[in-house]
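Novice: Encoded as structure tokens, here's the structure I'll be asking about.
What follows is the structure in structure tokens.
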């Protein structure tokens with residue numbers, strides 16, 4: 002059974018371009034080495050049950066402290082929800098969520114909600130890179146009912162967390178999938194085209210027929226820490242066939258000659274956009290260590 006906790010663990014995280022900003026809610030990713038699809042290069046100093054957590058810092062946090070505010074542990078999977086439009090989706094932000102899931106040994110599913118706002122071709126093109134990497138993608142709309150039955154089946158009997166940016170319709174999805182929850186929802190802000198927070202803490206809901214679903218607060222920016230930079234390649238599952246195939250044993254897969262992953266990118270076997278996400282995240286984490 003998943004556990005929702007209000008434990009507070011202090012941690013610091015410098016602001017980085019596109020990653021996080023002072024006072025923003027952030028994701029913390031304590032690694033769970035034993036559950037990774039590919040063993041990390043070195044054992045992690047931190048391990049715990051599959052967990053998903055959000056943190057916040059600054060004036061909104063108790064005492065202005067930095068730290069972990071909400072923890073959901075003992076999960077089977079995380080569903081990362083983005084909207085097809087309103088707010089505009091950002092594939093590189095999705096990659097951050099997926100790295101967090103991989104680092105915690107969690108199976109990740111991608112949910113593209115509000116598909117009624119774009120054409121089917123546009124919806125499927127949004128996260129084609131992540132789908133090609135092997136992540137299951139659900140295309141949903143509470144207006145048309147598209148994809149809701151398949152999403153319901155994916156949740157049945159499992160312990161899941163629902164996460165993603167603010168305003169993508171997580172609470173509306175839950176209300177439609179499980180009538181009676183009556184979760185609070187809010188419209189998108191027309192002035193900035195961003196979502197408004199309606200979930201302020203993780204809430205655990207038992208599901209009819211078995212399983213649990215944790216609704217977590219929406220995030221506008223996602224920061225990473227607690228992951229060793231050397232382990233980041235193992236958080237990109239499409240890199241797996243090429244790890245250990247580079248010319249140099251200490252290759253970090255960024256600019257080195259003879260890098261098997263870079264060669265795969267040039268051949269089109271690995272997405273260039275996903276590779277760019279990897280390079281940025283690795284550099285970000287290396288700067289923190």
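Numbering (the working numbering), first residue to last: 2 to 290.
Where is the CB? At the ideal position from N, CA and C, for every residue including glycine.
(1) Helix, strand or coil: which one does DSSP assign to residue 83?
(2) Any idea what DSSP makes of residue 216, helix, strand or coil?
(3) Out of 145, 147, 128, 144, which has the shortest C-alpha to C-alpha gap to residue 138?
(4) May I have the straight-line CA-CA distance separating residue 153 from residue 208, to the nearest angstrom?
(5) Per DSSP, residue 163 is paired with what?
(6) Below 8 angstroms CB to CB, which residues in the same chain sit around residue 212 once its five sequence neighbours on both sides are set aside?
(7) The beta strand (DSSP E) that contains residue 114, what's its start and end?
(8) Drop a sphere of 10 angstroms on the beta-carbon of residue 246, count the other beta-carbons inside from all chains shown, and report buried for 16 or more, exposed for fewer.
(9) If contact is defined by three or more beta carbon pairs under 8 angstroms, each pair taking one atom from either stretch, is the stretch 83-91 in contact with the stretch 266-275?
(10) Check whether the stretch 162-175 and the stretch 107-127 are in contact - that is, three or more C-beta pairs closer than 8 angstroms.
(11) Can you say whether residue 82 is buried or exposed, counting buried as having 16 or more other CB atoms within 10 angstroms of its CB?
(12) Determine the closest residue to residue 122 out of 257, 131, 140, 77, with distance taken between C-alpha atoms.
(13) What would DSSP say about residue 133, mapped onto helix, strand or coil?
(14) Measure the C-alpha to C-alpha separation of residue 214 and residue 206 and round it to an integer number of angstroms.
(15) For residue 241, which option in 210, 103, 98 has the closest C-alpha, if you only look at C-alpha atoms?
(16) How about residue 92 and residue 130: do their beta carbons lie closer than 8 angstroms?
(17) May I have the straight-line CA-CA distance separating residue 231 from residue 165, to the nearest angstrom?
(18) Is residue 97 near residue 223, with beta carbons less than 8 angstroms apart?
(19) Is the CB-CB distance between residue 79 and residue 107 below 8 angstroms?
(20) Where do the ends of the beta strand (DSSP E) carrying residue 140 lie?
Specialist: According to the data block:
(1) strand
(2) strand
(3) 128
(4) 10 angstroms
(5) 80, 216
(6) 156, 157, 158, 159, 160, 161
(7) 108-114
(8) exposed
(9) no
(10) yes
(11) buried
(12) 140
(13) helix
(14) 5 angstroms
(15) 103
(16) yes
(17) 26 angstroms
(18) yes
(19) yes
(20) 138-140
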